Each structure stands twice: as structure tokens, then as C-alpha cells.
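If you use mature numbering (1 follows the signal peptide of the UniProt record, and there is no 0), the sequence shown corresponds to residues -19 to -1, 1 to 524, in order.
Cβ coordinates follow ideal geometry from the N, Cα and C atoms, glycine included.
Since we're looking at a predicted model, the values are computed, not measured.
One structure is given here, and the rest of the page talks about it.
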Amino acid sequence: MRISSIVAATLITCDVASAWSSSAFTSPLSIKTQHRSQASTKRRDGSILMSAVSQKESSSSSSSGQGRTTKEISNELALGVTLDGGPVIDFASVKDTTSRAEIALADSRKKYEASGATISPNPGGRLMGINDEVVAEVGYEIGEFAEEYLDKESGETVDELVQKVARYLRSKSNTDTFPEMEEEEAPFTNQEKIRFNRLLSRAYEESGIVTSAFAKTFYLGTQVLPEPSMKAIWAIYVWCRRTDEIVDAPRPAAHDPNAEMLTDLSEWEIRLERLFDRGEVVDVLDLPLLDCKVKYPTLPITPFSDMIRGMLMDIPGLGQERYDTWDELHLYCYRVAGTVGLMSMPVFGCAEGYTDEVAKEPALSLGVAFQITNILRDVGEDAEKRERVYLPQRDMERFGVTERQIFDKVVDENYINLMKFEIARARMYYARALRGVPMLRPESRLPVQLSLDAYGKILDKIEENGYDSLTKRAYVGKWEKLAGIPASWYRTLDIAKAMPLPGDWERPSLEEYEKSLEQMLENKWVEQRGSSATSDYLQSLNK
């Protein structure tokens, strides 16, 4: 899976910067890394809303992409109802939604718990989620640094040291941070505390090294954050990375790979729950995440556990091979990318006058935008290398595009119109996500704005390629990204509201979005497209 896409959704992804919440964790959310097997398909992100392109506009487009641009179309489609009752994910119902993969995980967990197995800090001689590829990418064995901080005179072991540091961190937490934590005394000397803090700093440093090894540009994006936020994002990334490695790790063909993977995931989820509920850790790389929970008590467990389920949705034989509707894709998207935004929100923090609840939807919209962009950019690559089509089947039917056409890489007028439709939807979500930037603390705004601006340019490149994402890959060069940094920085300033950059002043307001929606519903294309499309669209607006 592409952790880059995930820790996109709202971490920081987009090749130059970071983001808060993803797809990406777009993604989210979304943060670019390598695929290691055919089973390691990319996790994508989506949304609830439907939008539509006028029949007249579609028919006037040609294979060269003539006609009105998707930027113009998106101004009509974008709902922008972020703050006033706009559709927000019902997280409780999402969490309770079951699939083949979830049923399999639940069964595996029951067996694991019934077996009475003991969680080991070094299964197979290594930290869980740290396999040969991680070691090869980093260049050395991860986690061995802990031995440097042992009290060798007392015969202290690495596991004993890790548990002492965890106890020390728990002693610094609020009383309600870990609801199931047993009361304990932590009578450590100042010298011991210095040793513990040095070990924790080294664990954070190691997390940064792993992040840099797998997502170099993402890592660079974290450098614009304040140090506490930067380190927290590394810790979250490493948890996502390790989860990804557990899901995608190569396993002996003689065994049942999925059964082994589910057993490992069962143990991994139990570890996660114990960390959040009791402040318990298993190995040294758990310490940074525990420290994050202590420093950011509102860090929720739900997006972490939901991401595990999202990763399972890509596993052959367990997951979902195709997505019939946009709603189906949305669940997948939330889990693999929108979750990253929720993980990141406590770290990035809200500006005065805003709350996490208010900022939640823009954060999720950011992951949605990134993941839709990834999907549109990689339609041909997904079909050729992974035999996957992430585009909703009903969208394809509406525009007369078949799977055979995608696998054969045929770019015709129908495909161009479908791409215009999906690009318009993506731009709608970029517009909604943009409304969340001022909700962040000032020091957290730049990486989000950078990612919005840089990643959004991929849509421009798709247009420049004649909407051909089957044989061409939209790419934004490094220098073009760097050239956009000053404008992104300016957009984060309060003065930009009164004196926007040329072109920014044309951005529709929330009221204009709503007005154009009303006008769109009155257009004749609704009748021409037929009752099915109209019904689907109107139903989506009421969710």
C-alpha cells in the first residue's frame, strides 16, 4: 500500500509538503512509497457526495479536451457546505460496517485470544512490522540502539528498559488519558529520567530515519513544522508504515499467507488497544506513539483501527475488487486516507475559535481530494500492474466507459468526459479542504497549504495531457513545486483574505457554490441524463 497516499489524507504528502489529514493519510494520509507485490495495491480515498457534468458540456468536449475546463465546471459542482450542516462521515456506523475482510479479522482475533498467545517484542528476532525490506531501505537493523542505554551493572534487559520508560511517560499523563491504566508509582531518579528521555529522543530520531527512507519528500515536508509536531508526525507515520509492512510482508507459499497475516494483525490491533487504553507498549518504537498520546490526549484510536480495516480491503480474496458506487469507495477512502487526517488533527491543532469537530470535515476533504487525484493519475497504471479499477462502476456506466476500454488504454470522448467529471469532483474537495487551512494553528498552515497547491497541480497536468491517464502519467516537476512555495506561504497569511493573489479572487464563496448548485439542478441536462442519474445525485446531497 502506498503509505504516502495515506499519510496523506492529512498528514503531509504531496511530494513537497505535508498535510493534516489520508486519504492518505493521503492517504493521505496520501505520501508516496514503493509497492512490493501485486497484493500490495494502493489504498485510495473517496467521498460521499455525487456531482454531475452537463450533457451539453460533455458532448461539446473532444478528444483534445476542447470545451469548458473542469475548473469552470467544478465551480458549478462544488457544494462547499463545510461549516453549515455539510455531509460528514458517521464514524460510528463506518466502524460497525462489516465486510469479508473484517469478518475474517474478527474470527482470527477470537482464535488468537483463545490461544492464550503471549505478545513478544521481537517475533522472529525483529520488531513487528520491521521486515527485511525496511532494514535494507534504512541500512541497518532498526531498534538495536536501545542496548546503548541499558544499565548493564544491574543486568537490565531492553524489554525492562522499555517498560520503565513507558511507566515514566504514563506518570506524566493526565488521569483520564488512559482509562484502563492501573495506578502505579514511578519513583525514578533524575539520572534515570535523563536516560529515559535520551532513549525516547533516539526512538524519535529512528522514526525520522524510517520516514526519510521510505518517503523522502514527505520527510522534507515535516521540516517546516515545529519540532514537537514534526516528531509526532514521524511517530504516526512509522505506525502506519509498520501496519503496512505487516499486511504486505511476503510469507511462505506453503502456508496460508492471509491466515498468517490476519494473526499478526490481530496481535497488532491488541497492542494498539492496550497502548491507547492502558499506556502499555511492547517495543522501543512504540514509545514515540505513547509519548504522542501523553502530549496529545485527544489523539483518537478509531482512525488507527479503521486504517487496519482499510488496508485489508485491498487484499486479494479478502477485500473488495471493485466499487459499484461512490459510497462504497468512500468507506475504503475514509479508512485508508481520511483516517490520517483524524490522526493528525490533535498534532496540528486548531486556531482560536475552532474545534476539532469543526475542522474534521475539511481535514477529511483534504484526504478525499488527494486520493481522488491519485486515482485519476494512476488509472492506467492500476489496471496494467494491479488489475484494479478504483473508479466507481456507476460513474463509468453513466459516461459509457467500460473496463475493457481501460485495460486496452482507449482514450475516447466518453473517457474524457468521465475524467472531466471526476476532476470536477476532486476540485470540489480541494475547495472544501481549503476552507480548513485558517482553522489550523498558524504554524501548522504552511505544510497543508503547500500540499493543497502542489498536489492540485496534478489535475492541471492531467488536463494538459488531454485527460489521458491511461497511457500518460501526470507529473509535477520539483522546480515547479518549489516555485509555488512563496504563493502557498502568502495564502496562509491573514492579509491574503483582503488581498488575494491574482486568480485567487475568482474562487467562489460558499454562497456562490450553493447558488450555482441550485442553478445546476434547474438545467435541462437533468432531464436529458435521465431519472437514474438525477435520483443518485439528489440522494447523495441528502446524506
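Out of the options, state which residue places its alpha-carbon closest to the alpha-carbon of residue i.
| i | options | result |
| --- | --- | --- |
| VAL146 | TYR121, LEU253, ARG358 and LEU180 | LEU180 |
| GLY298 | LEU266, SER286 and LEU243 | LEU243 |
| LYS341 | GLU394, MET420, MET409 and GLN374 | MET420 |
| ASN112 | ARG290, LYS401, ARG232 and ALA87 | ARG232 |
| LEU267 | GLY124, MET211 and THR279 | Looking at the sequence shown, residue 267 is not Leu but Asp. Minimum Cα distance to ASP267 is reached at GLY124. |
| LYS442 | GLY381, GLN374 and ALA455 | ALA455 |
| VAL205 | GLN144, ARG413, GLU338 and LEU427 | LEU427 |
| ILE353 | PRO284, ALA407, TYR218 and PHE329 | ALA407 |
| GLY291 | LEU312, TYR304 and ASP434 | LEU312 |
| LYS174 | ALA196, TYR185, TYR200 and LEU142 | LEU142 |
| LEU131 | LYS91, THR320, ASN178 and LEU431 | ASN178 |
| VAL429 | TYR411, ARG90 and LEU440 | TYR411 |
| ALA87 | GLY381, LEU246, LEU431 and PHE402 | LEU246 |
| ASP237 | SER89, GLY361, TRP215 and GLY334 | SER89 |
| ARG416 | ARG303, ARG222, PRO423 and SER346 | SER346 |
| ARG303 | ARG422, TYR371 and VAL263 | TYR371 |
Could you tell me the alpha carbon to alpha carbon distance between residue i and residue j, rounded to whole angstroms?
| i | j | result |
| --- | --- | --- |
| ASN239 | LEU108 | 20 Å |
| GLU122 | VAL139 | 15 Å |
| SER188 | ASP393 | 46 Å |
| ARG472 | LYS212 | 25 Å |
| ARG316 | ALA98 | 28 Å |
| ARG379 | THR158 | 49 Å |
| LYS366 | SER450 | 14 Å |
| ALA385 | MET400 | A quick correction: the sequence has Arg, not Ala, at residue 385. About 16 Å. |
| GLN19 | ILE251 | With a pLDDT of 38 at GLN19, under the threshold of 50, the modelled position of this residue cannot be trusted; read the value that follows with caution. Cα to Cα, GLN19 sits roughly 28 Å from ILE251. |
| GLN144 | ALA435 | 42 Å |
| ASP272 | ARG148 | 11 Å |
| THR156 | SER469 | 41 Å |
| GLU338 | ALA318 | 18 Å |
| PHE351 | PRO269 | 27 Å |
| GLU164 | SER210 | 29 Å |
| ALA332 | LYS438 | 27 Å |
| GLU94 | GLU254 | 14 Å |
| ILE289 | THR224 | 7 Å |
| THR203 | PHE285 | 20 Å |
| GLY381 | TRP460 | 38 Å |
What does a CB cutoff of less than 6 Å around residue i pick up in its chain, not counting 5 residues either side in sequence?
| i | result |
| --- | --- |
| VAL275 | LEU150, LYS153 and SER154 |
| VAL265 | GLY124, ALA127, VAL143 and ALA184 |
| GLU137 | LEU131 |
Is it buried or exposed, residue i, if we count other Cβ atoms within 10 angstroms and call 16 or more buried?
| i | result |
| --- | --- |
| GLU226 | buried |
| TRP249 | buried |
| GLN172 | exposed |
| GLY260 | buried |
| VAL228 | buried |
| LEU256 | buried |
| ALA82 | buried |
| VAL116 | exposed |
| ASP363 | buried |
| GLY465 | buried |
| GLY300 | buried |
| ASP389 | exposed |
I think residue i touches residue j, with their Cβ atoms under 8 Å apart; what is that distance to the nearest whole Å?
| i | j | result |
| --- | --- | --- |
| ALA344 | LEU323 | 7 Å |
| VAL119 | ALA230 | Contact flag wrong, Cβ pair sits at about 16 Å. |
| GLY330 | ARG422 | 4 Å |
Kindly list the residues whose CB is nearer than 8 Å to the CB of residue i, restricted to its own chain and excluding five residues on each side of it in sequence; keep chain order.
| i | result |
| --- | --- |
| TYR277 | ALA213, PRO327 and VAL328 |
Given residue i, which residues of its chain have a CB within under 7 Å of its CB, disregarding the five upstream and five downstream residues?
| i | result |
| --- | --- |
| ASP258 | PHE159, PRO160 and GLU161 |
| ARG183 | PHE126 |
Let me check you understand the geometry: is the CB of residue i closer than 7 Å to at least one non-hydrogen atom of the ligand GDP?
| i | result |
| --- | --- |
| ARG252 | Judged by which ligands are present, the structure shown has none, so any question about the ligand GDP falls away. |
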